[in-house]
Each structure stands twice: as structure tokens, then as C-alpha cells.
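Structure, as C-alpha cells:
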Amino acid sequence: MTTPFSSIDWSLPDEDATVALAQRLAEQVCGRTPDGPAAGGRIHLRGELGAGKTSLARALLRAGGVTGRIKSPSYALLESYNVSNLYFYHFDFYRFSDAHEWRDAGFDELLAENAVVLIEWPEQAGTRLPPPDLDIRLEYAGTGRHARLTACSEKGQQWLTHLDTPRR
Numbered sequence: 350m351t352t353p354f355s356s357i358d359w360s361l362p363d364e365d366a367t368v369a370l371a372q373r374l375a376e377q378v379c380g381r382t383p384d385g386p387a388a389g390g391r392i393h394l395r396g397e398l399g400a401g402k403t404s405l406a407r408a409l410l411r412a413g414g415v416t417g418r419i420k421s422p423s424y425a426l427l428e429s430y431n432v433s434n435l436y437f438y439h440f441d442f443y444r445f446s447d448a449h450e451w452r453d454a455g456f457d458e459l460l461a462e463n464a465v466v467l468i469e470w471p472e473q474a475g476t477r478l479p480p481p482d483l484d485i486r487l488e489y490a491g492t493g494r495h496a497r498l499t500a501c502s503e504k505g506q507q508w509l510t511h512l513d514t515p516r517r
């Protein structure tokens, strides 16, 4: 990962808090704020099994306008969606055993700047992925979760600046 610009911590005591974070983040990544960056960007989701990576991704996709069933890409490796000409690509690299597998699968072509790219288990691709705009690490915190959002680009920094969240 590149040198981070800044980080914020976000408490996720329940599912409603996860949805609220996803909604605020969707406003940024979908380009819905007048002074924010253009739509699209890369988000890496990290954490132990069950820490909430897929739940956060689903909530962000829903907040981004995806309707219908949102499937986990655990077995397919990729689920893609199109909402008003904005593409969403949700990857899950958990099953990769070799860092070259993601490129061999042709996924590098989908990492466009004008798409929303969510990657669970990015560490399974080693150093082969370009740096994210935002790196989100989820951890258990009692019965809830704790999220650390780290900006890894100027776009990611703009997202954090506009999230309007209290620092915890």
C-alpha cells in the first residue's frame, strides 16, 4: 500500500451504522456531491472472515443504486453492476492462492478510474493491484465492528474530507 494521506475511525455498533457509512461513502464514490471528485474509484476491504467486508460492500452497492439481488462474489470472484452508466465491480480474492491469478483472469482491465471497484481480500493479489483510493479495514469490536478508513490517493482524501463523520 502507498503512503496514506490520512485515516478516520468509524464505529459500527450494528447493521444500521454499516448502512449509514455505506450511504455517506456512496455519495462520494458515485459523484453525487457538487464539490466532490468525479464518480468512480477503487476501495480495498480488509479484515478477518466475518468482519463485515461483504456487508459493507452490499450496503454501498445498494446505496449506489443497485437494485435486485446483490450476490457475494466469493465463488464467482466478480459480480458486476451498471447503474446509469456507472459500473460497479465487486471482487473477492479470498480463494486466490497465487498473486498472479487476478491478472491471469483479465481483471486488471476492469480497474478503470470511472468505475466503482470494490475488492475484498486485496492482499491475495500481492503487490499486483494498483493502490486503492481508499483502504477500509474492518475489525471486531465487541458485538459490533470498527472501521478504519485510510485515504491512499487525493481522491480518497477528498472522500474522507466530505464524509462529515466524527473522529472516534
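Anchor point for the sequence shown: position 71 equals 420 in the working numbering, and the numbering is continuous, going up by one each time.
Glycine included, C-beta positions come from ideal geometry on N, C-alpha and C.
Asked                                                                                                                                       : Found
Just confirm the distance between the C-beta atoms of A406 and H439, as a whole number of angstroms; I'd bet it's less than 8 Å.            : 6 Å
Would you mind giving the Cβ-Cβ distance between W508 and L483, rounded to the nearest angstrom? I have them listed as a contact below 8 Å. : 6 Å
Would you mind working out which of E472, P362, I357, S356 sits nearest A490, comparing C-alpha positions?                                  : P362
Taking Cβ positions, are F437 and E469 nearer each other than 8 Å?                                                                          : no
What does the alpha-carbon distance come out to for the pair S502 and P481?                                                                 : 7 Å
G505: which of L394, P386, Q473 sits nearest, CA to CA?                                                                                     : P386
Kindly say whether H495, judged by its beta-carbon, lies nearer than 8 Å to any beta-carbon of chain B.                                     : Reference to chain B is not applicable here, since this structure consists of a single protein chain.
If you count every other CB in all the chains shown that lies within 10 Å of the CB of R418, and 16 or more means buried, which is it?      : exposed
For L409 and L394, what's the separation of their Cα atoms in angstroms?                                                                    : 12 Å
On the criterion of 16 or more Cβ atoms from any shown chain inside 10 Å, does T499 qualify as buried, or is it exposed?                    : buried
If distances are taken between C-alpha atoms only, which option among L398, G413, E397, T403 comes closest to V389?                         : According to the sequence shown, residue 389 is Gly rather than Val. The option with the nearest alpha carbon to G389 is G413.
Using three-state DSSP, classify S404 as helix, strand or coil.                                                                             : helix
Could you name the residues that DSSP lists as bridge partners for D484?                                                                    : H393, T499
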